[in-house]
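Enquirer: In full-length UniProt numbering, the protein residues as written are 1 to 227.
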Ligand SMILES: Nc1ncnc2c1ncn2[C@@H]1O[C@H](COP(=O)(O)OP(=O)(O)OP(=O)(O)O)[C@@H](O)[C@H]1O
Ligand SMILES: [Mg+2]
C-alpha cells in the first residue's frame, strides 16, 4: 500500500513517518515524465520488506492552488499510474479538508472516496458542498464511487451529536456508513504514539479497536477487497 498525504497539516506524515520513502507529495504534480519516476525502496519479493510506503506532505503543496485543475489533475493521474505500475495494490490519499485543487485532483484520480465527518455544526455545514463536489467530479471521473460518510469522534452522551446523526441519516440515507467511530482518547494516543490502536494497552482501546476494524471490514467489502 502507498499512502499519499496531501494535507499541509501533515498529520498522516507524522504518524506514518517510519514508512517515509523520500518522495514528497508536491512531486506528484511536478513536471516529471512518468517513465522517470523514482523506483520505490520496497522489494515486493522480500517478505521482510515493509508493506507500506509514505509519500509525505511538504510545503510545496501550498503552491498548488496557483496551477489549473486540468493541469494538476492530469499530472497527478499520470503519477498515480506510474506508482501503480511499480506493484502496489492500494493507494490511500489523505486530503486537506478544504475543497481545493489538490482534493479535486485526488478525486479525479481515485476509484473510491470516503469522508470522515464530525457531528458538530461546523462540519455538518460543509457536507452539502462535499456531496455536490463529488457528484460534479464523477462526471469527469465516472469510475469514482462514493463509499459514504463515516461519523467520527462521536460522543454517545452528547444529545447534539445524536440529533445531528439523525438529521444526516434522514438527509443522506444511502451515504451514511453504519460503522461510526466514537470519541476515544485511545485513538488520539495511538496516533500520537504512531502505532495502530490495537497496540495501545488500555481496556478502553478495545472498543476503539472493534470500531476501527468494523469500519475497515465495511470499507473492504464495499471495495470488494479481501483482507
Ligand atoms: N475517534 C477519535 N477519538 C478521539 N480523538 C480523535 C479521534 N480521531 C481523531 N482524533 C484526534 O483528533 C485530532 C485530529 O485528527 P485527524 O487529524 O484524524 O482529523 P482530521 O479530520 O484529519 O483533521 P483535518 O480535517 O484538520 O485534517 C488528532 O489530534 C487526533 O488524535
Ligand atoms: Mg486530516
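For every residue, glycine included, the Cβ atom is placed at its ideal position computed from N, Cα and C.
Model, not experiment: these values are computed from the prediction.
Using a Cβ-based criterion (distance less than 7 Å to any ligand heavy atom), does residue 158 qualify as near ligand 1?
Expert: False, no ligand heavy atom lies under 7 Å from that Cβ.
Enquirer: Nearest by alpha-carbon distance to residue 229: which of 148, 89, 67, 154 is it?
Expert: Outside the displayed range of the chain (1 to 227) lies residue 229, so it cannot be described from this structure.
Enquirer: Given 7 Å as the limit, tell me if residue 174 has its C-beta closer than that to any heavy atom belonging to ligand 2.
Expert: Not under cutoff, so the answer is no.
Enquirer: Would you call the region 104 to 123 and the region 134 to 150 touching, i.e. three or more CB-CB distances under 8 Å?
Expert: They touch, by the three-pair rule.
Enquirer: Does at least one heavy atom of ligand 2 sit under 7 Å from the Cβ of residue 7?
Expert: Yes, since a heavy atom of ligand 2 falls inside the 7 Å radius drawn around the Cβ of residue 7.
Enquirer: Suppose only complete runs of 4+ residues qualify. What are the alpha helix (DSSP H) ranges in the region 136 to 221, listed by chain order?
Expert: Complete alpha helix (DSSP H) runs here, min 4: 159 to 171, 185 to 193.
Enquirer: With DSSP run on the structure shown, which of helix, strand or coil describes residue 131?
Expert: Of the three classes helix, strand and coil, the one that applies to residue 131 here is helix, per DSSP.
Enquirer: How about residue 7 and residue 57: do their beta carbons lie closer than 8 Å?
Expert: Yes, the Cβ-Cβ distance between residue 7 and residue 57 is below 8 Å.
Enquirer: Residue 192: which of 4, 1, 15 sits nearest, CA to CA?
Expert: Of the listed residues, the one whose Cα sits closest to residue 192 is 15.
Enquirer: Could you tell me which of 131, 175, 196, 25 sits nearest to residue 148, measuring between CA atoms?
Expert: The shortest C-alpha separation from residue 148 is found at 175.
Enquirer: Is the beta carbon of residue 11 within less than 7 Å of some heavy atom of ligand 2?
Expert: Flag set: Cβ of residue 11 near ligand 2.
Enquirer: Are residue 64 and residue 29 closer than 8 Å when you measure CB to CB?
Expert: A contact, by the Cβ cut-off of 8 Å.
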